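Just so you know, the sequence shown maps onto residues 27 to 340 in the working numbering.
We put the beta carbon where it would ideally sit given N, CA and C, even for glycine.
In this text, all values refer to a predicted model and were calculated from it rather than measured experimentally.
Taking it in order: structure first as structure tokens, then the write-up.
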Amino acid sequence: MTSNGTSIPVTADGIPRPGGAGSLAGRTVSRIGYGAMQLERLRTDRAAAVALVRRAVELGVDHFDTAQFYGDGFVNEVLREALAATRDAVVVTKVGATPDPGGPLPLRLAQRPEELRASVEDNLRSLGTDRLAVVNLRRADTGPGLRAEGDQVVGLDDQLAVLTALRDQGSIGAIGLSSVTADGLRRALPAGIVCVQNSYSLVSRDDEDLLRLCTDEGIAWVPYFPLGGAFPGMPKVSDEPAVHAAAREIGGTPAQVGLAWLLHHAPNVLLIPGTADAGHLADNLAAGGLAPDGEGLAALDAVPSRSADDVRLG
């Protein structure tokens, strides 16, 4: 992998875009954004959390991913403060879950239409806005983690009806999907889906057909767990010899290799790596300046994919 040697587009503030420019809901964004979930780790130091988000902006980030259930509103409130004076930041939030501090994950599903509507209202309130740029519906159809049971088994059409009504009312700008199957996305296409967030990485590529569908439809592909290993039993990018070989070649880290591979793999990939550390933030964004060469790319493409879909919590 070598430096790509090409000029990098800039943000509205004239800052080079990490990873170059991508498209989300009709907006131009940096291809490497910031997933804000880990800001909850800074709950006892709110000033540090605000400073980290502002540092991301200084480094060219203008795409932020969040949810009301991250820290039970804390993360949204940090973004509200940190981005108050920022031009053109695209804040993407999600609905479909609610905090559950005593559970195996710090959240539980909240899939019913009335719960989705309430979650949109909570996000509006904590972010201090009257319109959410993009709202992702967090389903439980695929990937590692939770599965819906009982009254949480809700039809996609019923959920989209609520979100499209809120979009028509102006509370939502655009709709995305998370943890969804290819068949689910096909059913949802008439609603105007702008992005898909599924678990996906170099070592876990179950959704290659779904990624191809998103590419064909002009839908942004925003992988979560982009380096794998989030839960016990999930494969990790950092465990692969080919990844370490590439890292040695470029003088970078295995994490940077994993992120750079994703950017190269499809033109509609947007990344939202998360961290609570300013040094790790800079490292993640620097991955956008790396590009696989032919031999290195072939070695990475040959890494076997291992399913993470059987990892269950709840």
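Query - C-beta contact flag for Ser225 and Pro249 at 8 Å - result: yes
Query raised in the report: Where Arg235 and Ile219 are concerned, what is the direct C-alpha to C-alpha distance, given to the nearest angstrom?
Result: What sits at residue 235 in the sequence shown is Asp, not Arg. If I take the Cα positions, the gap works out to 17 Å.
Query raised in the report: When the Cα atoms are used, what is the spatial distance from Ser230 to Ser331?
Result: 5 Å
Requested in this report: Jot down the residue ranges of each uninterrupted beta strand (DSSP E) in the stretch 37 to 89, minimum 3 residues, whole runs only, in chain order.
Outcome: 47 to 50, 53 to 56
**Report entry** C-alpha distance - Gly199 paired with Arg193, whole-angstrom precision
**Finding:** Looking at the two C-alpha atoms, the distance is approximately 6 Å.
Report task. Quick one: grab the DSSP three-state call for Asp265. Result -> helix
Query raised in the report: Between which two residues does the alpha helix (DSSP H) containing Asn149 stretch?
Result: Membership of Asn149 in the alpha helix (DSSP H) is indicated by the continuous run 139 to 153.
Query raised in the report: Which residue's Cα is closest to the Cα of Ala144: Asp327, Ala82, Trp247, Phe95?
Result: Phe95
Query raised in the report: Less than 8 Å separating the beta-carbons of Gly45 and Leu326?
Result: Cβ distance not < 8 Å, so Gly45 and Leu326 don't count as in contact.
**Report entry** Selection from Gly128, Ala136, Ser197 that minimises the alpha carbon distance to Asp156
**Finding:** From the listed residues Gly128, Ala136, Ser197, the smallest Cα separation to Asp156 is found for Ser197.
Query - Delimiting residues of the alpha helix (DSSP H) encompassing Gln223 - result: Gln223 -> not in any alpha helix (DSSP H); beta strand (DSSP E) instead, spanning 219 to 223.
Query raised in the report: Considering only residues of the same chain and omitting the five flanking positions on each side of Ile58, which have a CB-CB separation below 6 Å?
Result: Pro44, Gly45, Leu297, Leu311, Gly314
Query raised in the report: Smallest Cα separation from Asn149: which of Gly97, Gln178, Leu186, Ala191?
Result: Nearest of Gly97, Gln178, Leu186, Ala191 to Asn149, Cα basis: Gly97.
Query raised in the report: Can the beta-carbon of Arg164 be found less than 8 Å from the beta-carbon of Ala123?
Result: yes
Report task. Note the first and the last residue of the continuous beta strand (DSSP E) segment covering Gly210. Result -> Counting along the chain, Gly210 sits inside no beta strand (DSSP E); it lies in the alpha helix (DSSP H) bounded by residues 208 to 214.
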